[in-house]
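Undergrad: Be aware that the sequence shown starts at 212, since it is given in my numbering, and climbs by one per residue.
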Amino acid sequence: MVSFTARGLVPPVFTPLNEDLTVNFGAIPKYAEFLAKSGIKSVLVGGTTGEHMTLSVANRKKVIDAWVALKKTLGLHIMVQIGGAPLQDVLELAAYCDKNGADSLLTLPELYFKPSSVPELVQYIELVSKSAPSLPVLYYHIPFMSNVNINMPTFVRAASERVPNFSGIKFTSNDLSECAQVLRALRDGQEVFLGADTLLAPAALLGIKSSIGTTYNIFPKLAQSILDAVETGDVKKARVLQEQLSLAIEAHTAEGPWVPIMKAGMEIVTGISVGPPAPPQTALDNDAKRRIAHKLKALKMA
């Protein structure tokens with residue numbers, strides 16, 4: 212098995228866009244430095260938050276390169292999500308990451324000819340893994356978006372038997388019972404990353420201590436404080452801090468879809484502009500941004 216070291220909080224980074232919807236590569240260094248100074252050790256490039264499913268393969272490679280170029284100076288582990296594209300493009304991206312400095316891969320399932328069984332999903336992960344044999348490969352379980360709803364503990368055990376570099380999953384579901392079963396199914400060196408920011412504290416109480424969540428871009432220190440409180444056994448503090456994070460998320464969610472609202476929140480809270488969302492999603496209007504800012508100020512979160 213290849214070595215996989217990413218643990219803890221992993222922000223899925225936004226892809227900064229200019230107003231003309233071209234990628235704003237110049238914004239990435241300052242953004243990465245902010246995360247590193249906030250205590251972040253690993254980032255996910257190309258996830259749902261990063262909108263890579265809307266980009267060409269050429270632009271996906273350029274964004275990957277921009278983050279890989281910063282990893283040594285900032286000490287960041289660069290995980291790259293390569294799915295959400297035709298299989299041949301996924302395999303091309305996997306091979307590219309294997310040769311060009313990424314540290315690990317995450318992949319969605321095939322999204323048109325969807326796998327409907329554990330063997331079919333394992334076969335897909337095996338194909339991807341063979342294109343990146345030197346990298347840890349993780350599966351991105353997000354059934355409410357992918358409509359691939361396969362039992363994850365069973366899948367993890369089967370993939371671990373068949374795929375030498377299979378290293379875990381991102382579990383984006385509110386079913387903490389199943390997530391805890393995944394945790395028990397993992398082998399040494401593998402990891403499960405929670406994908407539900409509002410369940411960070413209860414998941415940590417179950418032993419699920421790594422998480423990939425959009426709000427860790429915006430509130431990285433608050434999220435780390437939640438994990439620290441659980442680690443020290445201060446359950447009351449963990450609950451209070453989780454409530455703060457959950458209320459901050461709710462301040463956004465009334466205003467639209469996830470990525471547009473979070474891109475707006477990133478600028479409101481941190482001052483770092485990551486631009487509009489990529490089409491077909493649309494940016495929030497100024498009134499919606501003002502409402503988010505007002506709610507966050509009332510919560511003393513902005």
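Where is the CB? At the ideal position from N, CA and C, for every residue including glycine.
Output the residue ranges of the alpha helix (DSSP H) runs that lie fully inside the stretch 226 to 271 and measure 4 residues or longer, sorted by chain position.
TA: You should have 239 to 248.
Undergrad: Please name the residue in K381, I483, K448 whose C-alpha comes closest to that of A217.
TA: Position 6 of the sequence shown, counted from the start, is the residue given in the question as residue 217. Of K381, I483, K448, the residue nearest in Cα terms is K381.
Undergrad: Let me check one thing: in DSSP terms, what residues is S214 bridge-paired to?
TA: Stepping through the sequence shown from its first residue, residue 214 is reached at position 3. Answer is none; S214 lacks a bridge partner.
Undergrad: How about the stretch 220 to 232 and the stretch 383 to 392: do they share at least three Cβ pairs that are nearer than 8 Å?
TA: No, the stretch 220 to 232 is not in contact with the stretch 383 to 392.
Undergrad: Is it true that the CB of L298 sits closer than 8 Å to the CB of V268?
TA: In the sequence shown, counting from the first residue as 1, residue 268 sits at position 57. In the sequence shown, counting from the first residue as 1, residue 298 sits at position 87. Taking 8 Å as the Cβ cut-off, V268 and L298 do not qualify as a contacting pair.
Undergrad: Within the chosen definition, does the stretch 314 to 323 reach the stretch 283 to 291 through at least 3 CB pairs nearer than 8 Å?
TA: Counting Cβ pairs under 8 Å, three or more are found: they touch.
Undergrad: Say whether the stretch 421 to 430 touches the stretch 473 to 487, bearing in mind that this needs 3 or more beta-carbon pairs closer than 8 Å, one atom from each stretch.
TA: Touching, yes.
Undergrad: So for E389, helix, strand or coil by DSSP?
TA: Here residue 389 refers to the residue found at position 178 of the sequence shown. It is helical.
Undergrad: With which residues is L507 paired in a DSSP beta bridge?
TA: Along the sequence shown, one-based indexing puts residue 507 at 296. Bridge partners of L507: none, in fact.
Undergrad: Measure the CB-CB distance between P223 and L246 and report whether it falls below 8 Å.
TA: Residue numbering aside, residue 223 sits at position 12 when the sequence shown is read from its first letter. Residue numbering aside, residue 246 sits at position 35 when the sequence shown is read from its first letter. No; because the gap between Cβ atoms is not below 8 Å, this pair is not in contact.
Undergrad: Look at the Cβ atom of A449, then the Cβ atom of A499, and state whether they are nearer than 8 Å.
TA: Within the sequence shown, the letter at position 238 stands for residue 449. Within the sequence shown, the letter at position 288 stands for residue 499. No, the pair does not count as a contact, with Cβ atoms beyond the cut-off.
Undergrad: Does the beta-carbon distance from N270 to V213 come in below 8 Å?
TA: Residue mapping note: residue 270 aligns to position 59 of the sequence shown, counting from 1. Residue mapping note: residue 213 aligns to position 2 of the sequence shown, counting from 1. Contact: no.
Undergrad: What distance in whole Å lies between the Cβ atoms of V333 and V517, which are believed to be in contact at a cut-off of 8 Å?
TA: Not covered by the structure: residue 517. The range shown for the chain is 212 to 513.
Undergrad: So who's on the other strand from G286, going by DSSP bridges?
TA: Numbered from its first residue, the sequence shown carries residue 286 at position 75. In the DSSP output, where bridge partners are listed per residue, G286 has none listed.
Undergrad: When we look at the beta-carbon of L232 and count the other beta-carbons within 10 Å, is it buried (16 or more) or exposed?
TA: For the purposes of this step, residue 232 is identified with residue 21 of the sequence shown, where counting begins at 1. Result: exposed.
Undergrad: Which same chain residues end up closer than 6 Å to D309 when comparing Cβ atoms and leaving out the 5 residues on each side of it in sequence?
TA: What you label residue 309 is simply residue 98 of the sequence shown in a count that begins at 1. Cβ neighbours of D309 beyond the five flanking positions: A343, S345, L346.
Undergrad: Would you decide whether N376 is buried or exposed? Buried here means 16 or more other CB atoms lie within 10 Å of its CB.
TA: Locating residue 376 in the sequence shown gives position 165, where the first residue counts as 1. Flag for N376 reads buried.
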